[in-house]
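**Q**
Protein chains: 2
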Amino acid sequence: MSESPTSTVSAIVHALADEVSAGALPAGARLPAQRLADRFGVSRFPVGQALRVLAEHGIVVATPGRGFFVAPEGRLPAAALSGRRKPDGLSAVYFAMAEDRLAGRLPDSISGAALRERYGLSRGQLGQLLDRIAAEGWAERRPGYGWRFSAVLTTPDALEGSYRLRLAIEPASLLEPGYRLDPALAARCRAVEEGMLAGGIERASSDALYERGVRYHEAIVGASGNPFMLEALQRVNRVRRLLVYRTLVDRQRFYRQAREHLAILDLLEAGRREEAAEAMRAHLGAVMESMAAARPLLETGR
Amino acid sequence: MSESPTSTVSAIVHALADEVSAGALPAGARLPAQRLADRFGVSRFPVGQALRVLAEHGIVVATPGRGFFVAPEGRLPAAALSGRRKPDGLSAVYFAMAEDRLAGRLPDSISGAALRERYGLSRGQLGQLLDRIAAEGWAERRPGYGWRFSAVLTTPDALEGSYRLRLAIEPASLLEPGYRLDPALAARCRAVEEGMLAGGIERASSDALYERGVRYHEAIVGASGNPFMLEALQRVNRVRRLLVYRTLVDRQRFYRQAREHLAILDLLEAGRREEAAEAMRAHLGAVMESMAAARPLLETGR
DNA sequence: TCTTGCATTTCAGACGTTCAACATGCAAGG
DNA sequence: CCTTGCATGTTGAACGTCTGAAATGCAAGA
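So the sequences go chain by chain: X and D.
With the first letter of the first sequence counted as 1, position 283 gets the number 465 in my numbering; the numbers rise by one all the way through.
With the first letter of the second sequence counted as 1, position 279 gets the number 461 in my numbering; the numbers rise by one all the way through.
Quick look at the structure:
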């Protein structure tokens, strides 16, 4: 606990905690470092560190000289650890910047030095951040010095445009030859949606609701096996998050969305893909309409 | 001529050379540095350098103390300069790397140091390159060290998948509300296509043919005003270039393409967008079929 | 033989420095 | 008055160094 785990190590820690917590790794299961290393695509070194961290939390037990095993009473601490991932520090700045920008607190044009000053970033951090933002399309380098924020995202049309792209891609993805929705994945999606209907919508933060929707749609489109379609959707979703932050969410409409998500899953699992595509079209159209109703909120600013 | 022009300066040089060559800037026109600087969004400094370069080429004349003017006989050297842009050094490595990868000369997994060694790159250069490649989706950082090339692009399906994304996006873009094709842009597109039919197809390199097609489609989709659709198309086109390099082009089919391009322009300018969308669908479908016929070539490797 | 634990080697990111390129203010001239 | 030319201040990218982290090889033990 004294050490601050690096990204790789903590990723492994959380992945294993998840599996123990979910019961995928039963108590007493052996955990050979080499096996785990292969699975995560890393060497045994960070795996060993991760196991030591897990041992400190009582999730696994170390038998000196013989290896690591899942602790008999490991599921509880695993569940505790599984929840709280440390938030990326840079992401916080990213959202702060997006918020500042959308609220009009950042000028159209600004130098990198000014941004570093404002957000307290090092050179490298600012570089990463702005590269990411530039890739998402809401800022670009100016010739010469500095950066220019593009006006695209501040217009109310932007959100609508993002939905129209989804309307073009998502139904089409369901009709891709070779479409195959993994049953296990479908079951997980179904469980999430049903959990939402059974009270989850009230409990979840609006951030979590957005995440859930994104994951559902990306899973459905990803099953098409067309990486270009999936990537286009992922990109538009990353930007859409910024826009959605500024709309008030009507929690009621998430019930309808969840039911529609389930209906689409039903159709897909029954192999009725044309109907599923039509349902997806209707679903997105409905979401778009309910969004258009909330549109005045966008224009008033914060 | 002795100096090696920086990117900003050479961009201005070529932009001005283009305008002089096209006759947009008539002989004797005055070229105030401040005006040009505002137009390009930079300061007077690089503009002054660019003007000096143009003076060396005889495209403009400097009247000491009074400023720069387009040279009476400036159009010829301008046309000469307008053609040959200096190719980005990093781009050459990029294509070499793509070529090596698609030909199987690069392993699935490789460390950054090995890549730097192989292509003679500095740390920063390799970073830029791999970030770009990662953004395009054909390589990704491995946890730990090194990079992993994704298998996606080496499969023959990839090219087909890229067309199916375009098939979803492009016709839809023509039906976007607010679609407006700038008449001047339409005229330029038309001129290019007609030039192609009138012998341009035989003269152009296959690289130029690809460029021409991309520009046409991106112009058409860009007129939708939906930045998400345009960006999705641009991204898929960047990757598609790599795949197309490995297919043999049948020059004959470009005649048919050019005619279809013109027919779509006709429909758009007549405001018959639904029909244009349908024609675009048919056009892409035809291209995809002719590509499928060439598919065995992809599988044999170089 | 397979495993862990340790030591060595390799690697890439962070940091600070240097330098070329750009912005800007000012003086001089048409 | 507007323009150019020059001098000064600012910015960001390239380079080299350094440090922490990961890969790898090897020995010991179950």
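Note that CB positions come from ideal geometry on N, CA and C, so glycine has one too.
Inspect the CB distances between the segment 281-294 of chain D and the segment 373-386 of chain X and report whether three or more fall short of 8 Å.
**A** No, the segment 281-294 of chain D does not touch the segment 373-386 of chain X.
**Q** Where does X:Thr482 land, buried or exposed, given buried means 16+ other C-beta within 10 angstroms?
**A** Because X:Thr482 carries a pLDDT of 43, less than 50, the predicted location of this residue cannot be relied on, and the following value inherits that uncertainty. The residue is exposed, with fewer than 16 neighbouring Cβ atoms inside 10 Å.
**Q** So D:Leu311 packs on D:Val334, CB below 8 Å; how close in whole Å?
**A** No, D:Leu311 and D:Val334 are not in contact; Cβ-Cβ is about 18 Å, not under 8 Å.
**Q** Is the segment 451-461 of chain X touching the segment 417-432 of chain X in the sense that three or more CB pairs, one from each, lie closer than 8 Å?
**A** No, the segment 417-432 of chain X does not touch the segment 451-461 of chain X.
**Q** Would you say D:Val224 faces chain X, with C-beta separation under 8 Å as the test?
**A** Taking Cβ atoms only, chain X reaches closer than 8 Å to D:Val224, which makes this a yes.
**Q** Kindly identify the DSSP beta-bridge partner or partners of X:Gly249.
**A** Answer is X:Thr245, bridged to X:Gly249.
**Q** Taking 8 Å as the CB-CB limit, is X:Phe410 close to chain D?
**A** Interface residue, yes.
**Q** Can you list, in chain order, the residues of its chain whose CB lies under 7 Å from that of X:Arg212, leaving out five sequence neighbours each side?
**A** Taken in chain order, the residues that qualify are Gly249, Phe251.
**Q** For X:Glu201, name the three-state secondary structure that DSSP assigns.
**A** X:Glu201: helix per DSSP, three-state reduction.
**Q** Roughly how many angstroms lie between the CA atoms of D:Tyr361 and D:Asn408, to the nearest whole one?
**A** Cα to Cα, the separation comes out at about 9 Å.
**Q** Note the first and the last residue of the continuous beta strand (DSSP E) segment covering D:Arg323.
**A** Segment 321-323, the beta strand (DSSP E) holding D:Arg323.
**Q** Given that a residue counts as buried once 16 or more other Cβ atoms are within 10 Å of its Cβ, and exposed if not, what is X:Ala296?
**A** Flag for X:Ala296 reads exposed.
**Q** State the DSSP-derived secondary structure class of D:Arg362, mapped to helix, strand or coil.
**A** Reduced to three states, the DSSP call for D:Arg362 is coil.
**Q** Under three-state DSSP, which class holds X:Ser291?
**A** The answer is strand: DSSP assigns X:Ser291 an E or B state.
**Q** Starting from X:Pro330 and walking both ways along the beta strand (DSSP E), at which residues does that stretch end?
**A** One point to set straight first is that residue 330 of chain X is Arg, not Pro, in the sequence displayed. Element bounds for X:Arg330: 329-331.
**Q** Per DSSP, D:Arg212 forms a beta bridge with which residues?
**A** Answer is D:Phe251, bridged to D:Arg212.
**Q** Does any CB atom of chain D fall closer than 8 Å to the CB of X:Glu481?
**A** Annotation note: pLDDT 48 at X:Glu481 (below 50); position unreliable, no value reported.
**Q** Pop quiz: D:Phe331 and D:Arg283 are said to be a contact at Cβ under 8 Å. What is the actual Cβ separation, rounded to whole angstroms?
**A** About 6 Å separates the two Cβ atoms, so the contact holds.
**Q** Does DSSP put D:Met473 in a helix, a strand or coil?
**A** Residue state, collapsed to three classes: helix.
**Q** When the Cα of D:Phe277 is compared with those of D:Val421, D:Ser387, D:Ala414, which residue comes out closest?
**A** For the residues D:Val421, D:Ser387, D:Ala414, the minimum Cα distance to D:Phe277 belongs to D:Val421.
**Q** Give me, in chain order, the residues of the same chain whose beta-carbon lies closer than 7 Å to that of D:Ala260; leave out the 5 immediate sequence neighbours on both sides.
**A** Only Ala199, Val202, Ser203, Ile241 meet the Cβ criterion.
**Q** Any C-beta of chain D within less than 7 Å: which residues of the segment 324-342 of chain X qualify?
**A** Going along the segment 324-342 of chain X in chain order, one finds Arg324, Pro325, Gly326, Val334 with a Cβ nearer than 7 Å to chain D.
**Q** Among residues of its own chain, excluding the 5 on either side of D:Leu207, which ones have a beta-carbon nearer than 6 Å to its beta-carbon?
**A** Only Glu201, Val252 meet the Cβ criterion.
**Q** Would you mind telling me which residues of chain X sit closer than 9 Å to D:Thr190, beta carbon to beta carbon, in chain order?
**A** Result: Pro325, Gly326.
**Q** Using CA coordinates, which residue listed in X:Leu412, X:Arg423, X:Val426, X:Val396 is at the minimum distance from X:His443?
**A** The residue with the shortest Cα to Cα distance from X:His443 is X:Val396.
**Q** Using DSSP with H/G/I as helix, E/B as strand and the rest coil, what is X:Thr190?
**A** Three-state DSSP puts X:Thr190 in a helix.
**Q** Quick check: is the beta carbon of X:Val195 nearer than 8 Å to any beta carbon in chain D?
**A** Not one chain D Cβ lies under 8 Å of X:Val195.
**Q** Would you mind telling me which residues of chain X sit closer than 7 Å to D:Glu413, beta carbon to beta carbon, in chain order?
**A** Neighbours of D:Glu413 on chain X, chain order: Gly319.
**Q** Between X:Arg428 and chain D, is there a C-beta pair that is closer than 8 Å?
**A** Output row for X:Arg428: interface = no.
**Q** Comparing C-alpha positions only, which one of X:Leu341, X:His465, X:Gly404 sits nearest to D:Gly343?
**A** It is X:Gly404 whose Cα lies nearest to the Cα of D:Gly343.
**Q** By a C-beta neighbour count over all protein chains shown, 10 Å radius and 16 as the cutoff for buried, is D:Gly494 buried or exposed?
**A** Residue 494 of chain D falls outside the range modelled here, since chain D spans only 183 to 484, and no answer is possible.
**Q** I believe D:Gly328 touches D:Gly294 by the beta-carbon criterion, under 8 Å. Please report the beta-carbon distance rounded to the nearest angstrom.
**A** Sure, about 7 Å apart at Cβ, within 8 Å.
**Q** Could you pull out every unbroken alpha helix (DSSP H) segment of at least 4 residues lying fully inside the segment 382-466 of chain D, listed in chain order?
**A** Correct list: 388-404, 409-426, 434-451.
**Q** Considering only the beta carbon of each residue, do X:Leu415 and X:Glu400 sit closer than 8 Å?
**A** Contact flag set, yes.
**Q** Within 8 Å (strictly less), CB to CB, does D:Asp313 reach chain X?
**A** So yes, D:Asp313 belongs to the interface.
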